[in-house]
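Read the structure below first, then the notes.
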Amino acid sequence: MERFAITGAAGFIGSHLAERLIKDGHEVIAIDNFDPFYSRSIKERNLKNLIGNPNFHMFNIDVRSEELMLTLANTNVDTIIHLSARAGVRPSFLLPQSYIHHDVEATVNILESCRKLDITRLIFGSSSSVYGNMPELPYSEDIKLDKPISPYAAAKLSCELFNYVFHSQYGINITNLRFFTVYGPRQRPEMGIHKFTRQIWNNELIHMYGDGSSSRDYTYIDDIIEGLTLAIKKVDGYHTFNLGNSQPVLLKELIETIGRALDMQYKFEIHLMQPGDVDHTLADISKARKELNYNPSTSIKEGIDEFVKWFRQMNRR
Ligand SMILES: NC(=O)c1ccc[n+]([C@@H]2O[C@H](COP(=O)([O-])OP(=O)(O)OC[C@H]3O[C@@H](n4cnc5c(N)ncnc54)[C@H](O)[C@@H]3O)[C@@H](O)[C@H]2O)c1
């Protein structure tokens, strides 16, 4: 049995990871301040299967606070999986400073805690948005990155740079995992798949940004959790991996797939693309396949069917 600290453990990805690590026989130190970016009750519901488990220990603290180091010291962890953040591209234009606080400042506080407490292993939840609007697809980890197009992307890229500083100067073993649009049960309510599903379900007009020809590499939560658990087993040195599905899905196809899964008609209205939205994302996952044995297997249809099944359970009428 190992003991892992997960920051952002009450969130979408963090709560799934906590469940998986407990299922695999480990102990989880869960850290989350129930940030008001979205409703606390949703985050409490995410933890429903975990609260009361003797191997799950919840700490309601801000990762930027001094309490973080005390908690990590008292619980004697040697691996941190850092997933807490203000997430989301579009909201980052409304409150750019909060992305400096909850992403960059938070990450530096974690790195400082690792240094002072001699915690030697850190996994960082990065994002495909660090690639910006690069024309050459798919995105591979060795592309030189200096053109983020949203405050969120700039914050994530800054975190990766700080991670490198702390690896090179203090020898902390760090793996950055760049997630490509993650979806599935518990997905954050403001994310596209969740929003389109809610709009169709409520017979609301769908606001589609662009003509539907933009595309994303959507990655099902079970595949991301598998990738995370594979990466956790070998945090050694400094590495960066894309975790995507490597299958592009057009926006208009995505909306059609959701409509079919709900078996409902819908109407949409076309709007201009939003600032920060990239045209396409597509992960080159050959490095993760080779070095981590990462092998995502969920098609968009299977994943959307699972998401819609969960959505129906949460919104019975
Ligand atoms: N979901 C995706 O598609 C996606 C894609 C790329 C990267 N990511 C990254 O993966 C990570 C998890 O994403 P998610 O979708 O689960 O987001 P989420 O918002 O559901 O989870 C993040 C959690 O962090 C907590 N948090 C925020 N600031 C905090 C602070 N200062 N102290 C303590 N806790 C704090 C929040 O309360 C929340 O529960 C984030 O770092 C995000 O940027 C997610």
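Convert by adding 1 to the 1-based position in the sequence shown; the result is the number in the numbering used here.
Yeah, the Cβ is synthetic: ideal placement off N, Cα and C, and Gly gets one too.
Give the DSSP-derived three-state secondary structure of residue i in the structure shown.
i	result
GLY249	Looking at the sequence provided, one finds Pro at residue 249 rather than Gly. DSSP places PRO249 in strand when its eight states are reduced to three.
PHE35	coil
THR121	coil
VAL64	coil
ARG179	strand
ILE301	helix
ASN316	coil
ILE271	strand
TYR239	strand
TYR295	coil
ASN54	coil
ASN47	helix
ASN174	strand
GLN266	coil
On the criterion of 16 or more Cβ atoms from any shown chain inside 10 Å, does residue i qualify as buried, or is it exposed?
i	result
GLU161	buried
GLN188	buried
ASP190	The sequence as given places Pro at residue 190; Asp does not occur at that position. Classification for PRO190: exposed.
LYS157	buried
ILE120	buried
ASP143	exposed
LYS44	buried
GLY12	buried
SER42	exposed
ILE23	buried
GLY238	exposed
ARG199	exposed
ILE259	buried
ASP147	exposed
What does residue i pair with, by DSSP beta-bridge criteria?
i	result
THR72	Bridge partners of THR72: none, in fact.
HIS83	THR8 and PHE125
MET381	What is shown of the chain runs 2 to 318, which leaves residue 381 out entirely.
LEU244	PHE180
THR220	VAL183
HIS281	SER216
MET209	ILE271
TYR140	ALA284
Are the beta-carbon atoms of residue i and residue j separated by less than 7 angstroms?
i	j	result
TYR165	ARG116	no
VAL64	THR8	yes
THR282	PHE180	no
MET192	ILE271	no
THR76	ILE30	yes
HIS240	THR176	yes
MET59	SER114	no
VAL90	TYR184	no
PHE242	ALA289	yes
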